[in-house]
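In the numbering used here, the protein residues as written are 86 to 238.
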């Protein structure tokens, strides 16, 4: 748990440009959480999840809503903390080294418009406290989308 990460994320949300803000947030998460191999965003565009700003290895660029941990997060509009992705039915292995995942929806007006996605090469990597931090971050990001009029075209 990092008690300062949400304050840092809120500071990055003062930026007017959505891509710049999300890029710095993904870097902030990657720098503040240990044992990650990927930290970033998927954005809802054209009826699927599309790769957004991230830190880590190359990633899946398009994820259908009915596939993987990110798809379940979108469909359920609920965080997914998966201790062992190899045991998750339909897991998409964008990085074969990933063993656990935390995916948190960004909800605006009742709709999932983006997701924060974190991957780790270690099983059981993510804690309930980290999930809570990322859910707080997602709420702050959602508020920025509304306040700044950010759109996903």
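In this text, a Cβ means the ideal position worked out from N, Cα and C, and glycines have one as well.
Who are the near neighbours of residue 160 in its chain, counting only those whose CB is closer than 7 angstroms to its CB and skipping five residues on each side?
-> 150
Starting from residue 116 and walking both ways along the beta strand (DSSP E), at which residues does that stretch end?
-> Premise fails: residue 116 lies in the alpha helix (DSSP H), 103 to 117, not in any beta strand (DSSP E).
Distance, Cα to Cα, residue 191 vs residue 114?
-> 16 angstroms
For the stretch 219 to 238 and the stretch 98 to 105, state whether three or more C-beta atom pairs, one from each stretch, are separated by less than 8 angstroms.
-> yes
Would you kindly check if the distance between the Cβ of residue 188 and the Cβ of residue 155 is under 7 angstroms?
-> yes
Given a threshold of 16 other Cβ atoms within 10 Å of its Cβ, counted over all protein chains shown, does residue 108 qualify as buried or as exposed?
-> buried
For residue 135, which option in 147, 141, 143 has the closest C-alpha, if you only look at C-alpha atoms?
-> 147
Along the beta strand (DSSP E) that carries residue 166, what are the first and last residues, could you check?
-> 165 to 167
Count the other C-beta atoms from every protein chain shown that fall within 10 angstroms of the C-beta of residue 175, then say buried if there are 16 or more, exposed otherwise.
-> exposed
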